[in-house]
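The number in my numbering is simply the position in the sequence shown, starting from 1, with 120 added. By construction, the Cβ of each residue, glycine as well, lies at the ideal position given by its N, Cα and C atoms. Since we're looking at a predicted model, the values are computed, not measured. Below is one structure, written out as structure tokens, with a few remarks after it.
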Amino acid sequence: MSAEKPLSESLEDYLETILGIVEEKQAAKAKDVSARLGVNASSVTGALHALRERGLINHAPYDIVTLTPKGRRMAEDITRRHETILNFLVKMLAVNPEIADEAACKMEHAMPPEVLDKLIQFVEFVETCPRGGSDWIERFEKYCKRRRSRAQCQQCITECLEQTRAAARQRNRGGS
Numbered sequence: 121m122s123a124e125k126p127l128s129e130s131l132e133d134y135l136e137t138i139l140g141i142v143e144e145k146q147a148a149k150a151k152d153v154s155a156r157l158g159v160n161a162s163s164v165t166g167a168l169h170a171l172r173e174r175g176l177i178n179h180a181p182y183d184i185v186t187l188t189p190k191g192r193r194m195a196e197d198i199t200r201r202h203e204t205i206l207n208f209l210v211k212m213l214a215v216n217p218e219i220a221d222e223a224a225c226k227m228e229h230a231m232p233p234e235v236l237d238k239l240i241q242f243v244e245f246v247e248t249c250p251r252g253g254s255d256w257i258e259r260f261e262k263y264c265k266r267r268r269s270r271a272q273c274q275q276c277i278t279e280c281l282e283q284t285r286a287a288a289r290q291r292n293r294g295g296s
């Protein structure tokens, strides 16, 4: 049996949109999808037909649209990819949220799962590592705004090392 053909970027966008509407309203209507994506009714009709044929949605003409379990899993995966990339761009790289959302939409379709997994791991590392965190991200934002030179970065490294050594000496004195 041959592997199922992957969804096109457009059909992934429809599935992601349907999930968003279903989570808000319990079910979607074709006009909701049309309004959210800014496309005409005939485009929605064709996409809904294609998604129904693949067993991803339940839909009859002029009726509500719901996701099948398979469609929900796929839509949640697409949404997770989008949100991970969006959060990385906004929180880690300080990209304007509107620009980041548009970029995330493009990137989510092109990024292989292995790359996305590494991106998720990196975001988790930065958020949990004591040497990462918001302080590190704030310094990155300042770096982007000021475009500091290597010499200035070296000065910062020296200051950080001195602070770390002073904190260690303080701990050692207190522990004696």
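### Query
What runs of the alpha helix (DSSP H), each 4 residues or longer, lie entirely inside the region 171-215?
189-207
**Study point:** Straight-line Cα distance separating LEU206 from TYR134
**Key:** The sequence position of residue 134 within the sequence shown is 14, counting from 1. The sequence position of residue 206 within the sequence shown is 86, counting from 1. Each residue's CA atom was taken as its position, placing TYR134 and LEU206 some 18 angstroms apart.
Practice task
Return the CA-CA distance between VAL210 and ALA230, expressed in angstroms with no decimal places.
Solution key: Indexing the sequence shown from 1 puts residue 210 at position 90. Indexing the sequence shown from 1 puts residue 230 at position 110. Straight-line Cα distance between these residues: approximately 19 angstroms.
**Request:** Determine the direct distance from the alpha carbon of TYR263 to that of VAL215, and round the result to whole angstroms.
**Result:** To locate residue 215, count along the sequence shown from 1; it is residue 95. To locate residue 263, count along the sequence shown from 1; it is residue 143. Their backbone Cα atoms lie some 14 angstroms apart in a straight line.
SER122, buried or exposed, once every other Cβ within 10 Å from all chains shown has been counted against 16:
As a working mapping, residue 122 is identified with position 2 in the sequence shown. Since pLDDT at SER122 reaches only 43, below the 50 mark, its modelled position is unreliable, and the value read off the structure follows with that caveat. The residue is exposed, with fewer than 16 neighbouring Cβ atoms inside 10 Å.
Report buried or exposed for GLY294, applying the criterion of at least 16 other Cβ atoms within 10 angstroms of its Cβ. Within the sequence shown, numbered from 1, the residue matching residue 294 stands at position 174. Exposed, because fewer than 16 other Cβ atoms sit within 10 Å of the Cβ of GLY294.
TODO: Give the DSSP-derived three-state secondary structure of ALA147 in the structure shown.
DONE: Locating residue 147 in the sequence shown gives position 27, counting from the first residue. If DSSP states are grouped into helix, strand and coil, ALA147 belongs with coil.
Excluding the five sequence neighbours on either side, which residues of its own chain have a C-beta within less than 8 angstroms of the C-beta of SER130, listed in chain order? Along the sequence shown, one-based indexing puts residue 130 at 10. Excluding positions up to five away in sequence, the list reads ALA167.
Problem set entry | Among GLU144, ALA147, ALA170 and THR204, the one whose alpha carbon lies nearest that of LYS125 | Counting from 1 along the sequence shown, the entry for residue 125 is found at position 5. Ranked by how close their Cα comes to the Cα of LYS125, the residues GLU144, ALA147, ALA170 and THR204 have ALA170 in first place.
Under the three-state DSSP convention, the category ASN160 falls into
Position 40 of the sequence shown, counted from the start, is the residue given in the question as residue 160. Correct three-state label for ASN160: coil.
| said: By alpha-carbon positions, which one of ALA150, PHE260, GLU173 and VAL164 ends up nearest to TYR182? | reply: Position 62 of the sequence shown holds residue 182. The candidate whose alpha carbon is nearest that of TYR182 is ALA150.
SER130 by DSSP, collapsed to three states: which one? The sequence position of residue 130 within the sequence shown is 10, counting from 1. SER130 falls in the helix class under three-state DSSP.
*Consult DSSP for GLU124 and reduce its assignment to one of helix, strand or coil.*
Residue numbering aside, residue 124 sits at position 4 when the sequence shown is read from its first letter. Assignment of GLU124 by DSSP, reduced to helix, strand and coil, places it in the coil class.
Practice problem: Take the Cβ of VAL235 as the centre, count every other Cβ of all protein chains shown within 10 Å, and call the residue buried at 16 or more, exposed below. | Solution: Translated into positions along the sequence shown, residue 235 becomes position 115. The residue is exposed, with fewer than 16 neighbouring Cβ atoms inside 10 Å.
Spatially closest choice to PRO233 from THR204, ILE257 and GLY158, by CA coordinates: If you number the sequence shown from 1, residue 233 lands on position 113. Nearest of THR204, ILE257 and GLY158 to PRO233, Cα basis: THR204.
Worksheet entry | Option in ASN178, ARG201, GLN146 and ALA180 with minimal Cα separation from LYS238 | Reading the sequence shown from its first residue, position 118 is the one you call residue 238. It is ARG201.
Distance, Cα to Cα, ASP197 vs ILE240? Counting from 1 along the sequence shown, the entry for residue 197 is found at position 77. Counting from 1 along the sequence shown, the entry for residue 240 is found at position 120. Approximately 13 angstroms, taken between the alpha carbons.
Practice item. Out of ALA180, SER162, GLY191 and GLU173, point me to the one whose CA is closest to THR137's CA. Key: Mapped onto the sequence shown, residue 137 falls at position 17. THR137 has its Cα closest to that of GLY191, out of ALA180, SER162, GLY191 and GLU173.
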